[in-house]
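Working notes, structure below.
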Amino acid sequence: MSIKQSTPSLSGNIWGRTGFGRSWVRSFIASSPCFLAPLTSICVFITLAQYDASFSLFAGAVMKEGFWSICIQYGPRLTIKGVLAVICWVGLQALLFRYLPGNTHKGQLTPAGYLLSYRINGLSAWIITHVLYIVLSLTGVLDPGFIPRNWSSLIGAMNLAGYVISAVAFVKAYVMPTHPEDRKFSGSSLYDFYMGIELNPRLGDNFDLKLFSNGRPGMIAWTLIDFSNMAYQYQTQQYIEPSLILITILQTIYVVDFFVNEPWYLRTIDIAHDHYGFYLAWGCFCFLPTTYTIQGQYLVEDIATAVRQFFKLGEKYRVFHGSSNSTRPRHGSNQNTVDISMLSNVLAIDVNRKTCLVEPNVPMDRLVEATIAYGLVPPVVMEFPGITAGGGFSGTSGESSSFRHGFFNETEKPDLFHGAAGAAGTLGITTAMELQLIEAKRFVKTTYRKVNSIASAISEIKGECNNSNIDYLDGIVYSQDHGVIITGQATNTKPADLPIQTFSHPGDPWFYLHVQDKTRNLSPSSTVTEYVPLTEYLFRYDRGGFWVGRQGYTYFKAIPFNKFFRWLLDDYSHTRTLYHALHASRISSQFVVQDLALPYETAETFINWVDRSLGIWPLWLCPLKGCSMPTFHPVTNRKVSDSMGNTEKQAPVETQISQPMLNIGVWGWGPQNFDEFISKNRDLEHKLTALGGRKWLYAHTYYQEDEFWNLYDYGWYQSLREKYSATTLPTVYDKVKVNVQAKGESSEQWSESWLSKWPIGGLYGMVLATLSGDINLHRQAKWRYWGK
């Protein structure tokens, strides 16, 4: 409500210049904070998240890689989830602002003579908001650590909110001004957008946009962010830094004091004199909550402190990486977790030594993009772009170059690094690793050789392992009488009359379908050769996730599996999106995704067993080089200790080299009945063990504990855990096992769950994949344009 008491003597009814002829150069400079301020908030976020709050480190990275490159790699992500969260937050505060009762106070007299009334209810809104946060957290409706856990997407949404609300205020000043006489025009649209036109814009008589912006979403979010930071640190570390507690107490006192004295705020420059534009809107919706909480943002992340605290308390903990290419569903709460998701930088590349220093959460596509700029590439690159360097080290990652280079691993403290490779992160937290690099060639000369039996496929691939002219080797077996051995030779040249084949674009074929079509009509032992750009070859299986993506069409039934729909649904066919959908929909509990390594002598028997028992085709063949033992990599080894660690005397680790193995990828639907699904997996493990094989430990594992430690050297492993103080981490068995008894007790829920109902689970998985923010990452890939 407003009362006009008097009208100043003015020559016109609008302040300032109404024309638009001002100097655009001066206007641009004056309004430059419209884009410089958000960039500053982005730089602060990146510095805190990626460079340990060191501006000097951030500046050094910018000098080396370029400002925009750093922003694109590490800047906030604008996601649907973040936008919806901010919309809900602003909506809640708007409802409280509009409908909570409060005393009415008068503001300052405006230049046009209006005396505005304000309903003061800020303290009530603050109390109700925080009580609601506590209640929702205690009842499990809201994750109390939601804000820091989604901070990147929230910052992106808050920046967007600042621009949107500024634009609304700018348009409103022209279309439906509250008090036309109190408007102020500078003569420059840019400057007016920045500083604002209306003095006190209102929606109706009582909803004052300026007081709402300045005193509700940002101010109340300030302390809510602090409390959420504390909750998040307690969730992940079972401990809250005293400094974080102190910061939260002091800032809470400040905010509560603001609301207690809110009537006084009506007479400050913010309300009485500043016009409402980007300066206030963005400042209150984005700058305040993201910058005033810097201390808490910094204190909430301290990996070393968290690990020391867990060890001191004897508490077991897990490591949160921020992404996963494991098919094991993630169980349990966020309790006792150390968050290392911020460790995602390529730190240095030494061209002379051909090495690269990286943090563990650098995905393969960004690693390749960073190294290939120097004409180098890791010798083993996992075929899925989202697999991280740490995942490749801590898990087992063998790919088509593994027949020559082995797995993705080891150096300083050789016993620890040898043991940690493949140990699923149970011997410590990897914070950085140095990778060896090799020269990157422009193309891979790719040859497809058709075989007409399982025996010939195994024989051919084993023979090619001795071929010194090739750099990559794998195979696809489509059926008992159609297999293809694929060899790749890195080269910088190609015949001018041969086209380049790519696999990463929406209109490109999926690799496994392309190979099948190319060899379908060939006679046995005949070959087809084509040239593929190196990066396209490295990530050739990304679209379709080998052929797991085909099962999505099987699941939805009504969607034809043809070129048009593969093009239309391309965003959902990349492995990052497929993993999100797999976990969100719980379909991984009905799906067989296993890599199984066997001696060449028993591989054919195993494939025939898979055909009879599971009926899964195609199968992937990948030869693996022998490696040092003992290890958690899939190798065959004589028993070196009993089930609980009574170790036999053995030769030093470096003298024990396993025999070469053939990996067989078995990926397809399993039985829908829970008991039958478990039974088939147990049969698979028994058959594998009988044939001298090992599982890769990224997937479901159903071994009993004594069975598991009969396969792996418990004594060697436990001695490393004790030597390097890793006993508060879960064991490998703890991480990879499936609790069959617990699942069996809830099998009725498992089969009757709404997620198991077609097509709810699949649709839910697609929605979650869309909201993840990863769905468009493949479109930003720089590697697609290298070497063409």
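Counting from 1 along the sequence shown, just add 2 to a position and that's the residue number in my numbering.
Idealized CB from N, CA, C, for every residue including glycine.
In this text, all values refer to a predicted model and were calculated from it rather than measured experimentally.
query                                                                                                                                                                                     : result
Would you be able to state if there are at least three C-beta pairs under 8 Å between the segment 171-181 and the segment 293-302?                                                        : no
Go through the segment 103-190 residue by residue and report every complete run of the alpha helix (DSSP H) that reaches 4 residues or more, in order.                                    : 124-140, 148-151 and 153-177
Buried or exposed: which applies to residue 127, given that a residue is buried once 16 or more other Cβ atoms fall within 10 Å of its Cβ?                                                : buried
With respect to the beta strand (DSSP E) encompassing residue 452, which residues constitute its N-terminal and C-terminal limits?                                                        : 445-453
In whole angstroms, what separates the C-alpha of residue 28 from that of residue 160?                                                                                                    : 28 Å
Grab the span of the alpha helix (DSSP H) containing residue 435 for me, first residue to last.                                                                                           : That residue, residue 435, is in no alpha helix (DSSP H); its beta strand (DSSP E) goes 435-438.
I'd like the ranges of any beta strand (DSSP E) spanning at least 3 consecutive residues and lying wholly in the segment 592-629.                                                         : 593-600 and 621-626
Alpha carbon to alpha carbon, how far is residue 507 from residue 515? Give it in angstroms, no decimals.                                                                                 : 15 Å
How many whole angstroms separate the CB atoms of residue 260 and residue 33, which I take to be in contact at a CB cut-off of 8 Å?                                                       : With 8 Å as the limit, residue 260 and residue 33 do not qualify as a contact, their Cβ atoms being about 29 Å apart.
Could you check whether the segment 443-456 touches the segment 513-530, counting it as contact only if at least three pairs of C-beta atoms, one from each stretch, sit closer than 8 Å? : yes
Helix, strand or coil: how does DSSP classify residue 505 here?                                                                                                                           : coil
Could you say if the segment 762-776 and the segment 352-366 meet the contact criterion of at least three C-beta pairs nearer than 8 Å?                                                   : no
Would you kindly check if the distance between the Cβ of residue 668 and the Cβ of residue 618 is under 8 Å?                                                                              : yes
For residue 502 and residue 534, I'd like the C-alpha separation in whole angstroms.                                                                                                      : 6 Å
In whole angstroms, what is the alpha-carbon distance linking residue 772 and residue 361?                                                                                                : 27 Å
Please look up how many angstroms separate the CB atoms of residue 158 and residue 103, rounded, as I've assumed it's under 8 Å.                                                          : Not really, about 35 Å apart at Cβ, beyond 8 Å.
Pull up the DSSP beta-bridge partners for residue 357, would you.                                                                                                                         : 352 and 438
Return yes when the Cβ of residue 552 is within less than 8 Å of the Cβ of residue 513, no when it is not.                                                                                : no
Could you check how far apart the C-beta atoms of residue 364 and residue 391 are, in whole angstroms? I think they sit under 8 Å.                                                        : 5 Å
Decide if residue 567 is buried, meaning its Cβ has at least 16 other Cβ atoms within 10 Å, or exposed.                                                                                   : exposed
Measuring alpha carbon to alpha carbon, tell me which residue in 346, 213 and 237 is nearest residue 286.                                                                                 : 213
For residue 242 and residue 138, I'd like the C-alpha separation in whole angstroms.                                                                                                      : 21 Å
Quick check on this structure: which residue in 636, 142, 661 and 539 has the alpha carbon closest to the alpha carbon of residue 786?                                                    : 539
If distances are taken between C-alpha atoms only, which option among 51, 569 and 462 comes closest to residue 528?                                                                       : 462
Closer than 8 Å by C-beta to residue 458: which residues in its own chain qualify, once you throw out the five before and the five after it? Chain order, please.                         : 485 and 526
Which term fits residue 777, buried or exposed, when burial requires 16 or more other beta carbons within 10 angstroms of its beta carbon?                                                : buried
Once DSSP output is grouped into helix, strand and coil, what is the label at residue 559?                                                                                                : coil
Quick check on residue 299: buried or exposed, where buried means 16 or more other Cβ atoms within 10 Å of its Cβ?                                                                        : buried
Is residue 66 helix, strand or coil when you go by DSSP?                                                                                                                                  : helix
Which residue wins for smallest C-alpha separation from residue 558, given the options 282, 603, 760 and 545?                                                                             : 760
Can you give the Cα-Cα distance for residue 276 and residue 256, rounded to whole angstroms?                                                                                              : 23 Å
From this set, 347, 113 and 223, which residue's C-alpha is nearest residue 186's C-alpha?                                                                                                : 113
Between which two residues does the beta strand (DSSP E) holding residue 498 run?                                                                                                         : Note, residue 498: premise wrong, no beta strand (DSSP E); not H, not E.
In three-state DSSP terms, what is residue 459?                                                                                                                                           : helix
Let me know the secondary structure DSSP gives residue 2 once reduced to three states.                                                                                                    : Because the chain spans 3 through 790 in this model, residue 2 falls outside it and cannot be assessed.
Is it buried or exposed, residue 154, if we count other Cβ atoms within 10 angstroms and call 16 or more buried?                                                                          : buried
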